[in-house]
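Take a look at the structure below.
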Amino acid sequence: MKVTEVKDKATKKAFLDVARIIYKDDDNWVCPLDNDIEAVFNPAKNNFHQHGKCTRWILTDDNGHLIGRVAAFINEKKAYNYEQPTGGMGFFECTDNKEAAFFLFDTARNWLRENGMKAMDGPINFGENDNFWGLLVEGFTPPSYGMNYNHPYYQAFFDEYGFKTQYAQITNHVDAHKPFPERFTKIANWVAKKPGYDFRHFEIKKIEKFAADFIEVYNDGWKDFENFVPITYDTIMESFEKMKPLMDEKLIWFAYVDDEPASFMIILPDANQMLKPLNGKLNMIGKLKFLYYRWKGVSRMRAIVMGTKQKYQKHGLESAMFIKLKEYVLPLKRYDELELSWVGDFNDKMIAIHEAVGATFGKKHLTMRYIFD
Numbered sequence: 000m001k002v003t004e005v006k007d008k009a010t011k012k013a014f015l016d017v018a019r020i021i022y023k024d025d026d027n028w029v030c031p032l033d034n035d036i037e038a039v040f041n042p043a044k045n046n047f048h049q050h051g052k053c054t055r056w057i058l059t060d061d062n063g064h065l066i067g068r069v070a071a072f073i074n075e076k077k078a079y080n081y082e083q084p085t086g087g088m089g090f091f092e093c094t095d096n097k098e099a100a101f102f103l104f105d106t107a108r109n110w111l112r113e114n115g116m117k118a119m120d121g122p123i124n125f126g127e128n129d130n131f132w133g134l135l136v137e138g139f140t141p142p143s144y145g146m147n148y149n150h151p152y153y154q155a156f157f158d159e160y161g162f163k164t165q166y167a168q169i170t171n172h173v174d175a176h177k178p179f180p181e182r183f184t185k186i187a188n189w190v191a192k193k194p195g196y197d198f199r200h201f202e203i204k205k206i207e208k209f210a211a212d213f214i215e216v217y218n219d220g221w222k223d224f225e226n227f228v229p230i231t232y233d234t235i236m237e238s239f240e241k242m243k244p245l246m247d248e249k250l251i252w253f254a255y256v257d258d259e260p261a262s263f264m265i266i267l268p269d270a271n272q273m274l275k276p277l278n279g280k281l282n283m284i285g286k287l288k289f290l291y292y293r294w295k296g297v298s299r300m301r302a303i304v305m306g307t308k309q310k311y312q313k314h315g316l317e318s319a320m321f322i323k324l325k326e327y328v329l330p331l332k333r334y335d336e337l338e339l340s341w342v343g344d345f346n347d348k349m350i351a352i353h354e355a356v357g358a359t360f361g362k363k364h365l366t367m368r369y370i371f372d
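Structure representation (structure tokens):
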């Protein structure tokens, strides 16, 4: 076997092609857009390069056939928040070959060690955790946009190498046609009518205003979670710009209390239902296919992230936003399912919200850590 660092056009193409080779016979897999993956490794498109670094490799067998890939990265803002300096590894793909998998893990570990790290988390992304994050271990069904999908045999590679689970990421599903539980609906309608409470859907023409409101709520709501790093304006604007081609303004809701940003719910139509026929290629033909499938419509929504300021976390704002969402969605007769992805098993408040809306289990991903000797 031979490992090669990705440094030129040919190796970049090979890095992208590895996944197409490994999943060519898996009907559930949806090829991520090549542009989305390349953007992670492009300093001009991923501002995490401003406070970190990354690299990646491909693996070939003795005959020169692609059999795997992996990336490694260091986020300087988070690496030193742990008991030991911790980097990341991700974009791991491999044939069902333990020796090859361990070779890739070793390659990432050695690079991280050479750069001062003493542990690595994986499989994660060199960016926010709403994309390309976690090892799928339950629910091997077609993934929604940005969600990792992998073969079931990957888990044994991680376990046997010595990775330990840090937390589980739970994805739940809501039947868009099924009424919310009666108690939930009653509370939500009561909250929606409270004086001083205002609920507004997103407007692209006011994107800067909503980005600022998002940051205010997010940085307050998550500040007490372990190793939290505040989100920046540049990061959220990058994310909003990427979402623009997919956005349905009335699927994204913000709640205000006396005009103060208090809570938000970011939901998008699931792009993967439009992207599956593209096989990762958003060229001219791919764009035409994308526009056709967007016109044809999609049946699944994906909740990217929800958040509420700490002082409003028991005010039922999330319930009211779900009601506003349903008031818009039901008459459309377009969406059948809402995927709530993902909530950490440590986030009791968000798990309770999932349960309150009658969500059922969909998938489980794991974020894992390997501590070097």
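Residue numbers for the sequence shown follow numbering that gives the first Met the number 0, beginning at 0 and rising by one.
The beta-carbon is built from N, C-alpha and C at its ideal position, and this holds for glycine as well.
query	result
Label Trp56 either buried or exposed according to how many other C-beta atoms from any shown protein chain fall within 10 Å of its C-beta, with 16 as the threshold for buried.	buried
For Phe72, does the count of other Cβ atoms within 10 angstroms reach 16, so buried, or fall short, so exposed?	buried
What are the start and end residues of the alpha helix (DSSP H) that includes Thr94?	Unbroken run through Thr94: none, as it is neither H nor E.
Checking the sheet assignment: what are the DSSP bridge partners for Val342?	Ile169
For Trp221, does the three-state DSSP call read helix, strand or coil?	coil
Using DSSP with H/G/I as helix, E/B as strand and the rest coil, what is Pro194?	coil
Tell me the rounded alpha-carbon separation between Glu354 and Pro180.	10 Å
Could you spell out the range, first to last residue, of the alpha helix (DSSP H) harbouring Asp7?	Per DSSP, Asp7 belongs to no alpha helix (DSSP H) and is neither H nor E.
Whole angstroms are fine: how far does the CA of Glu37 sit from the CA of Asp158?	29 Å
Can you find a CB in chain C that lies within less than 8 Å of the CB of Ile20?	The chain labelled as chain C is not found in the depicted structure, where only one protein chain is given.
Is there contact between the stretch 346–361 and the stretch 144–162, where contact requires at least three CB pairs shorter than 8 Å?	no
Residues in its own chain within less than 7 Å of Met88 by CB, not counting five upstream and five downstream?	Val69, Ala70, Ala71, Ala107, Met119, Gly121, Pro122
Quick check on this structure: which residue in Asn124, Asn147, Met320, Lys313 has the alpha carbon closest to the alpha carbon of Arg199?	Met320
So what's Thr231 in DSSP terms, helix, strand or just coil?	coil
Tell me the start and end of each unbroken alpha helix (DSSP H) in the stretch 345–371 that is at least 4 residues and wholly inside, in chain order.	347–355
Check whether the stretch 329–341 and the stretch 298–307 touch, using three or more Cβ-Cβ pairs below 8 Å as the test.	yes
If you run the structure through DSSP and keep just helix, strand and coil, what is Ile57?	strand
Please give the ranges of any alpha helix (DSSP H) in the stretch 13–71, keeping only runs that are unbroken, at least 4 residues long and fully inside the region.	33–39
Can you name the residues that DSSP bridges to Glu137?	Lys363
Closer than 7 Å by C-beta to Tyr327: which residues in its own chain qualify, once you throw out the five before and the five after it? Chain order, please.	Lys249
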